[in-house]
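In what follows, a structure is listed as structure tokens, so that the remarks can point back to it.
Protein chains: 4
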Amino acid sequence: MNPDTSSPILPPVKRVAIIGASGYSGEELLKRLLQHPGVEITLVTSRQNAGQTVAQVYPRFGSQPVARTLRFTDPQVDAVAGQAEVAFLALPHGVAASYARPLMAAGLTVIDLSADFRIHDPAVYADFYGGAHPAPELLAEAVYGLPEIHGPALKSARLIASPGCYPTSILLPTLPLLQAGLIAPTGIIADSLSGVSGAGRKAELDYLFCECNESVRPYGVPRHRHLAEIEQELSLAAGARVVMQFTPHLIPVNRGILTTLYLSPSDPLTPTSVGEFGQRIQQCYQDAYGSAPFVRLLEGRALPDTKNVVGTNVIEIAWRLDPRTGRLVVMSAEDNLVKGASGQAIQSFNLRFGYPETTALN
Amino acid sequence: MNPDTSSPILPPVKRVAIIGASGYSGEELLKRLLQHPGVEITLVTSRQNAGQTVAQVYPRFGSQPVARTLRFTDPQVDAVAGQAEVAFLALPHGVAASYARPLMAAGLTVIDLSADFRIHDPAVYADFYGGAHPAPELLAEAVYGLPEIHGPALKSARLIASPGCYPTSILLPTLPLLQAGLIAPTGIIADSLSGVSGAGRKAELDYLFCECNESVRPYGVPRHRHLAEIEQELSLAAGARVVMQFTPHLIPVNRGILTTLYLSPSDPLTPTSVGEFGQRIQQCYQDAYGSAPFVRLLEGRALPDTKNVVGTNVIEIAWRLDPRTGRLVVMSAEDNLVKGASGQAIQSFNLRFGYPETTALN
Amino acid sequence: MNPDTSSPILPPVKRVAIIGASGYSGEELLKRLLQHPGVEITLVTSRQNAGQTVAQVYPRFGSQPVARTLRFTDPQVDAVAGQAEVAFLALPHGVAASYARPLMAAGLTVIDLSADFRIHDPAVYADFYGGAHPAPELLAEAVYGLPEIHGPALKSARLIASPGCYPTSILLPTLPLLQAGLIAPTGIIADSLSGVSGAGRKAELDYLFCECNESVRPYGVPRHRHLAEIEQELSLAAGARVVMQFTPHLIPVNRGILTTLYLSPSDPLTPTSVGEFGQRIQQCYQDAYGSAPFVRLLEGRALPDTKNVVGTNVIEIAWRLDPRTGRLVVMSAEDNLVKGASGQAIQSFNLRFGYPETTALN
Amino acid sequence: MNPDTSSPILPPVKRVAIIGASGYSGEELLKRLLQHPGVEITLVTSRQNAGQTVAQVYPRFGSQPVARTLRFTDPQVDAVAGQAEVAFLALPHGVAASYARPLMAAGLTVIDLSADFRIHDPAVYADFYGGAHPAPELLAEAVYGLPEIHGPALKSARLIASPGCYPTSILLPTLPLLQAGLIAPTGIIADSLSGVSGAGRKAELDYLFCECNESVRPYGVPRHRHLAEIEQELSLAAGARVVMQFTPHLIPVNRGILTTLYLSPSDPLTPTSVGEFGQRIQQCYQDAYGSAPFVRLLEGRALPDTKNVVGTNVIEIAWRLDPRTGRLVVMSAEDNLVKGASGQAIQSFNLRFGYPETTALN
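The listed protein sequences correspond, in order, to chains V, W, B and L.
Be aware that the first sequence starts at 1, since it is given in the numbering used here, and climbs by one per residue.
Be aware that the second sequence starts at 1, since it is given in the numbering used here, and climbs by one per residue.
Be aware that the third sequence starts at 1, since it is given in the numbering used here, and climbs by one per residue.
Be aware that the fourth sequence starts at 1, since it is given in the numbering used here, and climbs by one per residue.
Spelled out as structure tokens, the structure:
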């Protein structure tokens with residue numbers, strides 16, 4: 001028996017538009033919003049799929065009646081503004097901002113899954129994404145949609161910048177430790193392994209089955225775009241500018257990110273301090289995430305495994321102190337399309353509009 | 001918005017035991033019953049995992065409170081009988097019957113996922129499974145748990161013999177055609193491809209990653225045990241004894257069965273009869289499954305793909321007439337652990353106890 | 001110790017061009033011809049890779065000195081004719097013929113991996129490939145490059161039409177039985193499973209990792225183009241027109257084809273005839289392939305498995321009689337890029353020019 | 001044309017025994033030694049497969065005549081000593097030493113693929129492997145079989161301790177830099193991803209297809225046994241004791257190791273020193289490996305990819321300087337069963353007995 005099904009009085013249903021729902025994140029968003037009791041999907045747009053039903057584009061939704069009648073349309077700002085109170089943007093960076101501005105002007109709440117509003121400083125955006133920010137005046141009010149960290153601000157946000165998959169897997173394990181001063185803000189290394197869906201649904205040779213299967217490879221070394229938002233959030237937590245090392249790798253799974261973090265305790269570890277320092281880390285994580293429904297702090301000898309989180313909005317976290325090297329090794333696992341993208345965006349939606357945080361995320 | 005969440009008045013919650021929940025089917029059963037509003041899991045048993053919590057054995061359930069407190073116990077008939085009204089048996093064949101008998105005697109409804117009660121004739125059981133049937137007196141009242149076919153009988157069954165994965169993928173596409181006399185009962189061939197979870201969670205060399213990955217192989221040729229129940233049900237539909245050809249293959253996916261059926265129209269196809277015969281097939285399927293929530297009849301040029309059904313209780317069916325050979329080719333796709341095992345068992349549970357058929361199966 | 005390395009007196013080295021070497025078959029051809037002691041690769045062409053070295057296009061060859069100096073050029077008939085005695089064509093159908101004609105006119109021997117010269121009857125070509133044959137005058141002298149069947153004719157062929165991957169997996173197990181009159185020419189069914197490399201190296205959504213991984217699906221039902229050449233060769237062996245059923249499926253492996261054939265013995269099987277008929281089949285295969293270096297007739301309980309042939313030029317064959325249905329089930333496994341394409345083309349090259357049949361194929 | 005086939009005068013054929021050839025490394029050893037012109041395999045042993053032919057145990061060798069006659073025997077020291085001049089040991093650690101001692105006493109050259117003789121200091125062995133070393137008197141003369149580093153010593157070695165897969169992937173990229181003083185001996189981090197064959201051919205739940213497929217996970221954190229030999233070799237190169245961080249991960253491929261190394265330049269990088277320091281690294285690698293046939297130094301924007309080395313004895317190396325963090329990131333890719341195990345052992349064999357280094361390794 002699922003005790004969550006006892007019926008709370010839910011806020012009124014929101015009319016929701018999904019703009020750009022033809023990729024893997026859009027599909028995951030659709031899947032979950034179709035089941036959300038507080039959501040009426042009034043519009044789904046996709047330039048390439050306009051005219052087709054959701055069931056035609058995504059056969060796996062074909063047994064849901066709504067999916068057989070709801071049709072993709074061309075993305076028209078006026079239509080969206082007229083039919084929805086909330087818009088999820090699953091668009092390429094740069095394009096998202098051009099929709100966010102008029103939709104917000106028309107009074108909609110915007111939840112953007114692109115990078116467009118994640119970076120507070122337009123100069124950093126320009127540096128990492130190449131070119132001036134398309135809507136700099138909106139940056140100040142965008143809230144970085146990491147619910148475990150920015151939950152209170154999300155409750156009244158008009159513009160939510162939902163984080164990327166790598167940043168989520170790096171920030172959630174690191175921010176509490178930095179905030180508590182347990183680790184040094186220097187020398188941070190994140191080594192991440194991502195499933196192929198992270199590259200999107202694009203017809204490119206590099207992502208063909210035969211190019212990815214039986215293959216592992218690093219890419220984007222040493223300066224991946226996601227560093228911009230990661231370092232921003234780490235710096236805010238540390239109260240000092242953080243510059244870090246990040247190496248993404250592509251591995252042959254559909255979904256999942258596994259991140260291994262190499263961190264330095266603020267005070268050097270000694271044989272006598274190891275035990276006590278370990279307790280402080282445990283307490284720090286417990287304080288930060290003990291009541292967070294989607295952070296699973298592993299116990300005992302368990303280590304994260306993407307297969308235990310795929311299909312869920314959960315991030316697993318485990319840590320080990322290495323007295324030989326004096327380092328703290330922290331590992332996390334998440335589903336890049338759920339906690340790393342669409343699930344997290346819905347978690348923000350839930351907080352923003354007063355639904356139980358786990359709605360449509362079980 | 002999910003219209004199914006409008007609250008019907010549900011039957012009272014059932015106390016449910018899961019006997020033998022340490023394999024992949026048991027895990028899927030647990031996952032869905034933990035979310036079923038009409039189920040209180042009072043007992044889960046597993047000889048090898050006794051004493052451990054569900055969350056320890058299945059880390060992916062670790063974020064559900066019940067999974068952190070519910071502990072596996074040794075399977076004791078008395079304890080089960082005292083604490084549950086319904087027992088799901090996820091046990092090896094032969095063992096299941098030894099639990100079913102005393103549990104039924106104690107008044108429980110039994111839903112058995114093994115082969116023990118699928119075959120009506122004890123001689124056929126002995127022929128295919130080697131050895132006398134362990135509880136022949138119960139065979140007469142067992143209902144073969146294919147809800148789309150035996151729905152009415154399931155509503156009052158005390159003993160439900162839930163079908164195997166291959167049989168489901170073969171029977172659902174074939175039975176209506178046989179019953180309508182559209183195809184000949186002779187010469188039926190089923191060529192099936194199964195994911196590795198179908199072999200169970202056993203530490204055997206044959207199912208190691210490196211033995212299955214980048215490999216495809218037939219097995220059990222030409223006489224697989226599942227033929228017993230398949231031919232029984234086909235014969236019932238045809239009103240004549242059916243003997244068929246069946247070749248299972250192992251392919252490197254976790255889940256999913258794809259079956260291709262080669263069937264002969266009752267009357268020879270001619271260039272002029274093809275169109276009209278196609279309409280009769282379509283009508284036949286429409287009549288049989290038009291309102292079945294878990295059978296998806298594909299339209300247009302779509303063909304079944306396991307990736308569109310994995311994780312769901314849906315079976316996809318498509319067909320093609322080949323005027324060159326005069327044959328009817330029918331293809332189906334299902335998730336072997338859901339529609340092919342645990343999902344189907346819950347579908348039967350729902351029918352048996354008056355829950356909406358799709359409860360916990362979305 | 002490899003006894004094959006005792007040095008026979010080899011024929012003089014041939015100057016060889018590979019036309020269109022940018023796909024998976026081209027890569028496999030290159031890999032093996034680079035190691036062939038009787039081959040000097042004088043030219044490799046590829047429109048899209050012109051100017052790049054072989055090592056740049058295929059990093060895995062980067063440790064071979066020749067691969068670091070040999071550069072792809074634009075395919076120019078004159079250049080090819082001037083620099084090579086033999087041309088392997090790894091081009092799309094239709095395009096291949098436009099190269100074959102002038103190259104043959106210039107005196108080269110052509111080994112074509114496309115479908116252009118496999119079909120003797122231009123009307124059948126037009127029916128299956130849509131459009132008139134581009135060089136019908138050459139069809140008469142093309143030899144279908146199945147060395148185990150057409151070996152003698154290959155020794156003097158000027159134009160070798162190397163078979164496709166599916167046809168090889170179907171024809172080698174079937175032809176000897178048909179020729180010996182052991183099976184009926186009617187009712188033949190081939191159910192085949194192919195790795196994704198069979199679809200070529202094309203940037204299409206359907207072949208992305210996430211679309212193929214954890215997926216199995218039939219395609220091209222019921223009329224795949226390869227039927228044209230399969231039925232032609234079966235008909236020649238049977239001495240009567242053969243029309244058959246063929247269903248290809250896509251499975252998530254890089255390489256490998258597994259084919260299961262459903263055949264009818266010429267005389268009905270009876271309980272008393274089964275044993276003797278089995279001996280005739282075994283003898284038939286032994287006579288046909290007992291000394292064929294690349295056909296492995298499995299013994300005892302062994303069944304074909306693609307992982308045992310991938311990377312080799314071997315085809316595995318096993319068979320079972322089913323006294324219940326009266327059918328003969330034959331199964332084969334091969335590497336679609338080796339025995340199903342490039343390896344077989346080199347096998348023909350070896351026969352044509354007097355090299356040991358296994359040269360560069362171990 | 002393969003220029004290596006011009007016939008050098010080869011040393012006389014060696015009689016070779018393979019002890020413990022029932023795992024994945026043993027299979028790879030067999031595959032290559034069966035093709036080695038300087039090797040006559042006189043004996044293969046395997047307790048579990050005794051009595052069976054090589055072709056029965058490894059169907060993929062079934063088309064090689066030797067594999068159909070050579071039979072596995074029980075491993076008996078006397079028989080080995082009487083029939084072979086060289087013994088490859090593919091045995092678990094601890095067991096290998098018990099064979100090495102009597103075989104060396106009988107005059108054989110021993111090439112050991114286990115960890116037993118890799119560690120010079122018995123105290124370190126005891127610390128990492130638990131228990132006293134079984135043959136400490138042999139440690140002094142064992143040569144660590146990394147041919148690119150210890151080539152001269154290998155030429156006269158009686159006992160070769162062939163390195164493990166992770167150590168090879170870490171040492172080859174790191175040793176030249178340490179030796180040249182270009183990087184600091186402190187703070188070294190290696191993050192490695194290994195295919196499942198690295199876990200051996202063992203019937204354990206953890207390595208079942210369904211437990212590894214669609215999964216990525218770290219293990220052995222923070223103190224993997226391979227650290228003992230890695231730190232020993234790094235320390236020798238650095239002239240100082242090196243302690244490093246190493247995190248292995250299991251990824252769903254059959255073969256391949258991808259290692260990402262985080263290193264600190266000896267002198268802090270400045271915007272002006274980056275270019276010149278990069279040249280020194282490039283020169284260092286060029287000096288170390290410019291003529292090494294199995295080390296591929298990638299150029300331009302290329303990064304290592306396991307699919308480009310699988311099935312070969314090559315290790316790919318690429319590096320990047322990160323001026324933002326001041327770090328040097330080095331990446332390597334190898335086949336764990338070839339350069340990481342059996343190929344490397346044969347490379348040592350070739351050097352030891354005067355065969356061209358690449359014999360049987362192409």
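A virtual CB, placed ideally from N, CA and C, is assigned to each residue, including glycine.
Discussion item. Is there a Cβ of chain W sitting closer than 8 Å to that of Ile18 of chain B, yes or no?
Written reply: Position 18 of the third sequence, counted from the start, is the residue given in the question as residue 18 of chain B. Closer than 8 Å: no.
Worksheet entry | chain V contact residues for Tyr219 of chain B, given Cβ-Cβ distances below 8 Å | In the third sequence, the residue the question calls residue 219 of chain B occupies position 219. Residues of chain V passing the Cβ test: none, with the nearest at roughly 14 Å.
Discussion item. Does Thr358 of chain V come out as helix, strand or coil in the three-state DSSP assignment?
Written reply: As a working mapping, residue 358 of chain V is identified with position 358 in the first sequence. The answer is coil: DSSP assigns Thr358 of chain V none of H, G, I, E or B.
Worksheet item: Does the segment 229-242 of chain B touch the segment 262-272 of chain B, meaning 3 or more C-beta pairs lie closer than 8 Å?
Response: no
Worksheet item: Comparing alpha-carbon positions, which option in W:Val196, W:Asp112, W:Val95 lies nearest Glu210 of chain L?
Response: By one-based count along the fourth sequence, residue 210 of chain L stands at place 210. Strictly speaking, residue 210 of chain L in this sequence is Cys, with Glu absent from that position. Among W:Val196, W:Asp112, W:Val95, the Cα nearest to that of Cys210 of chain L belongs to W:Val196.
Worksheet item: For the segment 43-72 of chain L, which residues have a CB atom closer than 8 Å to at least one CB atom of chain W, in sequence order?
Response: none
Worksheet item: Would a check of beta-carbon distances place Thr359 of chain V closer than 8 Å to chain W?
Response: Within the first sequence, residue 359 of chain V is the residue found at index 359, counting from 1. Answer no: the Cβ-Cβ gap between Thr359 of chain V and chain W never drops below 8 Å.
Worksheet item: If you measure from the beta carbon of Asn308 of chain L to each beta carbon in chain W, is any gap under 8 Å?
Response: As a first step, residue 308 of chain L is located in the fourth sequence; it is residue number 308 there, counting from the start. Chain W contact via Cβ: absent.
Discussion item. Counting only C-beta atoms, is Ile111 of chain W closer than 8 Å to chain B at any point?
Written reply: If you number the second sequence from 1, residue 111 of chain W lands on position 111. False, the Cβ-Cβ gap to chain B never drops below 8 Å.
Item to complete: Determine the chain W residues that contact Arg201 of chain V at a beta-carbon separation under 8 Å, and present them in chain order.
Response: Taking the first sequence and counting its residues from 1, one reaches residue 201 of chain V at position 201. By Cβ distance, chain W contributes nothing, its closest Cβ being about 13 Å from Arg201 of chain V, past 8 Å.
Practice prompt. Between the Cα of Asp116 of chain L and those of L:Gly300, L:Leu33, L:Ala228, spot the shortest distance and give me the residue it belongs to.
Written response: Residue mapping note: residue 116 of chain L aligns to position 116 of the fourth sequence, counting from 1. The candidate whose alpha carbon is nearest that of Asp116 of chain L is L:Ala228.
Item to complete: Closer than 7 Å, Cβ to Cβ, to anything on chain L: give me those residues from the segment 300-334 of chain V, in chain order.
Response: Leu303, Pro304, Asp305, Thr306, Lys307, Val310, Arg320, Asp322, Arg324, Thr325, Arg327, Val329, Met331
Item to complete: Could you say if the segment 153-170 of chain B and the segment 110-128 of chain B meet the contact criterion of at least three C-beta pairs nearer than 8 Å?
Response: yes
Discussion item. Given the structure, does Arg201 of chain W come close to the ligand SAH, in the sense that its CB is under 7 Å from one of the ligand's heavy atoms?
Written reply: As far as ligands go, the structure on display features none, and thus does not contain the ligand SAH.
Worksheet item: How do the segment 64-84 of chain L and the segment 336-346 of chain B stand: do at least 3 beta-carbon pairs fall below 8 Å, yes or no?
Response: no
Fill in: Buried versus exposed, by CB contacts within 10 Å (16 or more), Ala203 of chain V
As a first step, residue 203 of chain V is located in the first sequence; it is residue number 203 there, counting from the start. Exposed, since its Cβ has fewer than 16 Cβ neighbours within 10 Å.
Worksheet item: Are there 16 or more other CB atoms within 10 angstroms of the CB of Arg241 of chain W, so buried, or fewer, so exposed?
Response: For the purposes of this step, residue 241 of chain W is taken as residue 241 along the second sequence, with counting starting at 1. Classification for Arg241 of chain W: exposed.
Worksheet item: Which residue's Cα is closest to the Cα of Gly20 of chain V: V:Tyr99, V:Ala81, V:Asp78?
Response: The count along the first sequence starts at 1 and reaches residue 20 of chain V at position 20. Closest option to Gly20 of chain V, Cα to Cα, is V:Tyr99.
Discussion item. Are the CB atoms of Ala238 of chain L and Leu193 of chain L within a distance shorter than 8 Å?
Written reply: By one-based count along the fourth sequence, residue 193 of chain L stands at place 193. By one-based count along the fourth sequence, residue 238 of chain L stands at place 238. The answer is no: Cβ separation not under 8 Å.
Fill in: Cβ-based neighbour list, Ser6 of chain L, same chain, cut-off 6 Å, excluding 5 preceding and 5 following
Taking the first residue of the fourth sequence as position 1, residue 6 of chain L is located at position 6. Any reading at Ser6 of chain L must be qualified, since the residue scores a pLDDT of 49, below 50, and its modelled position is unreliable; the value itself is stated next. Excluding residues within five positions, none has a Cβ falling inside 6 Å.
Worksheet item: Buried or exposed: where does Met1 of chain B fall if 16 or more other Cβ atoms within 10 Å of its Cβ makes it buried?
Response: On the third sequence, position 1 is the one that residue 1 of chain B refers to. For Met1 of chain B, the predicted model reports a pLDDT of 43, less than 50, meaning its position is unreliable; a value from the coordinates is still stated below. Result: buried.
Worksheet entry | Check whether Ala292 of chain W and Leu303 of chain W have beta carbons under 8 Å apart | Here residue 292 of chain W corresponds to residue number 292 of the second sequence, with the count starting at 1. Here residue 303 of chain W corresponds to residue number 303 of the second sequence, with the count starting at 1. Taking 8 Å as the Cβ cut-off, Ala292 of chain W and Leu303 of chain W do not qualify as a contacting pair.
Discussion item. With the cut-off set at 8 Å, would you say Pro65 of chain L and Gly38 of chain L are in Cβ contact?
Written reply: By 1-based counting over the fourth sequence, the position of residue 65 of chain L is 65. By 1-based counting over the fourth sequence, the position of residue 38 of chain L is 38. Not in contact: Pro65 of chain L and Gly38 of chain L (Cβ atoms no closer than 8 Å).
Worksheet item: Taking the Cβ atom as the reference point for each residue, do Ser215 of chain B and Asp287 of chain W lie within a distance shorter than 8 Å?
Response: Here residue 215 of chain B refers to the residue found at position 215 of the third sequence. Here residue 287 of chain W refers to the residue found at position 287 of the second sequence. No, these two residues do not count as a Cβ contact at 8 Å.
Fill in: Beta-bridge pairing of Gln88 of chain V - partner residues as DSSP gives them
Here residue 88 of chain V corresponds to residue number 88 of the first sequence, with the count starting at 1. Note that residue 88 of chain V corresponds to Phe in the displayed sequence, not to Gln. Per DSSP, V:Ile18, V:Ile111.
Item to complete: Please report how far the alpha carbon of Gln279 of chain V lies from the alpha carbon of Ala17 of chain V, in whole angstroms.
Response: Along the first sequence, one-based indexing puts residue 279 of chain V at 279. Along the first sequence, one-based indexing puts residue 17 of chain V at 17. One C-alpha to the other measures close to 46 Å.
Worksheet item: Okay, do the segment 116-135 of chain B and the segment 46-56 of chain B touch, 3+ Cβ pairs below 8 Å being the bar?
Response: no
Worksheet item: How many angstroms separate the CA atom of Leu298 of chain B from the CA atom of Asn213 of chain W?
Response: Here residue 298 of chain B refers to the residue found at position 298 of the third sequence. Here residue 213 of chain W refers to the residue found at position 213 of the second sequence. Answer to the nearest angstrom: the Cα atoms are 22 Å apart.
Practice prompt. Look at the alpha carbon of Pro3 of chain L and the alpha carbon of Thr312 of chain L, and state the distance between them as a whole number of angstroms.
Written response: Here residue 3 of chain L refers to the residue found at position 3 of the fourth sequence. Here residue 312 of chain L refers to the residue found at position 312 of the fourth sequence. Residue confidence is low: Pro3 of chain L scores 43 on pLDDT, short of 50, so the model does not pin down where it sits. Its coordinate-derived value is still stated next. C-alpha separation (whole angstroms): 18 Å.
Worksheet item: What residues of chain V sit near Leu182 of chain L, judged by a beta carbon separation below 8 Å?
Response: In the fourth sequence, residue 182 of chain L corresponds to position 182, counting from 1. Under the 8 Å cutoff, chain V gives no residues; its nearest Cβ is about 17 Å from Leu182 of chain L.
Worksheet item: Mind pulling the chain D residues with CB within less than 8 Å of Asp267 of chain W?
Response: No chain D appears in this structure, whose protein chains are V, W, B and L.
Practice prompt. Out of V:Pro218, V:Thr325, V:Phe246, V:Thr168, point me to the one whose CA is closest to Phe252 of chain V's CA.
Written response: On the first sequence, residue 252 of chain V is found 252 positions in, with the first residue counted as 1. Reading off the sequence shown, one finds Pro at residue 252 of chain V, where the question assumed Phe. If we check each option's Cα against that of Pro252 of chain V, V:Pro218 comes out closest.
Worksheet entry | Sub-8 Å separation of Thr260 of chain W and Thr247 of chain B beta-carbons | Counted from its first residue, the second sequence places residue 260 of chain W at position 260. Counted from its first residue, the third sequence places residue 247 of chain B at position 247. A contact, by the Cβ cut-off of 8 Å.
Fill in: Residues bridged to Arg324 of chain V [DSSP beta-bridge criterion]
Here residue 324 of chain V is taken as the residue at index 324 of the first sequence, counted from 1. Looking at the DSSP assignment, Arg324 of chain V forms no beta bridge with any residue, so it has no partner.
Item to complete: Name, please, each residue of chain B whose Cβ falls closer than 7 Å to the Cβ of Arg296 of chain L.
Response: Counted from its first residue, the fourth sequence places residue 296 of chain L at position 296. Chain B residues near Arg296 of chain L: Gly62, Ser63.
Fill in: Proximal residues to Val77 of chain W (C-beta, below 6 Å), its chain only, five neighbours per side dropped
Taking the second sequence and counting its residues from 1, the one referred to as residue 77 of chain W is at position 77. Around Val77 of chain W: Pro102.
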